[in-house]
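Protein chains in written order, with my numbering: chain A, 18 to 127; chain B, 2 to 114.
Shown next, in the form of structure tokens:
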């Protein structure tokens, strides 16, 4: 069993604030790191798949960075909007197995 | 474009009963997988398949069987349901195993009484 930790567990921000979350994973057996956005009553939707140390990905106001040597990834949201409210999951892939964190629950207050 | 379709959406079973959770995808993905979601825990991989006829175990395979006779379908079987299998189950498919995004179904909420 492999540990993927996400912090913080939950976060409340005001509309317009920028925020970031952390995903920590083992620095060995790295194959890929995924970020998903999961809205209540829906299924997880992919944001990013990151495979190389130093990877930076961006989609609109959301971006992510990856450090495989130290075992962490950051997800950033710039200028949070109420529609960004969701749980953000990261998942670590070893080449054989997927291990998901428990997620960061983001609430953006209008 | 349906994506990944899971049936049923809800199910209540009695301890010892068997059932099959259905999963179908229409994206011609080789890779399919099953997860369970329990309170306070991340999604946990049950079984996965890298193509028709090929399956492998994930982190929590006990109590579940799978087979993959076609590219499109990946059913999950509970042979003798136990209360510990009460969970929300998600099926996913992807173009590659690990380095491509996974597309998830809407989930099946299973209660075993």
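Where a beta carbon is used, it is the ideal one built from N, C-alpha and C, also for glycine. In this text the structure is predicted, and so the values were computed from the model without any measurement.
query: Touching by the beta-carbon criterion (3+ pairs, under 8 Å), the stretch 11-25 of chain B and the stretch 117-126 of chain A; result: no
query: Continuous beta strand (DSSP E) stretch holding residue 90(A): start and end; result: 89-94
query: Contacting positions in the stretch 76-109 of chain B - beta carbon closer than 7 Å to chain A; result: 91, 99, 100, 101, 102, 103, 105, 106, 107 and 108
query: The beta strand (DSSP E) enclosing residue 28(B), as first and last residue numbers; result: Taken as a continuous stretch (DSSP letters only), residue 28(B) belongs to no beta strand (DSSP E), as it is neither H nor E.
query: Beta-carbon separation (whole angstroms), residue 38(B) vs residue 88(B), contact threshold 8 Å; result: 6 Å
query: Straight-line gap, residue 61(B) to residue 6(B) (C-alpha atoms, nearest Å); result: 22 Å
query: Simplified DSSP assignment, three categories, for residue 74(B); result: strand
query: Residue-level contact to chain B via CB, residue 74(A), 9 Å cutoff; result: no
query: Beta-carbon neighbours of residue 42(B), restricted to chain A and to distances below 9 Å; result: 117 and 119
query: DSSP three-state assignment for residue 142(A), whether helix, strand or coil; result: This structure gives no information on residue 142(A), because the portion of chain A shown stretches from 18 to 127.
query: Limits of the beta strand (DSSP E) - the one that residue 11(B) falls within; result: 11-14
query: Under 8 Å from the C-beta of residue 21(A): neighbouring residues of chain B; result: 43
query: As assigned by DSSP and simplified to three states, the class of residue 86(B); result: helix
query: Chain B contact residues for residue 60(A), given Cβ-Cβ distances below 7 Å; result: 91, 105, 106, 107 and 108
query: Local conformation of residue 8(B) per DSSP, three classes; result: strand
query: Interface partners of residue 110(A) on chain B, CB under 7 Å; result: 99
query: Neighbour list for residue 59(B) in chain A, Cβ cutoff strictly below 8 Å; result: 114 and 115
query: Chain A residues whose Cβ lies nearer than 7 Å to that of residue 46(B); result: 114 and 115
query: Test: residue 106(A) CB closer than 9 Å to a CB of chain B; result: yes
query: Sub-9 Å separation of residue 73(B) and residue 51(B) beta-carbons; result: no
query: Local Cβ density within 10 Å of residue 61(A), reported as buried at 16 or more and exposed below that; result: buried
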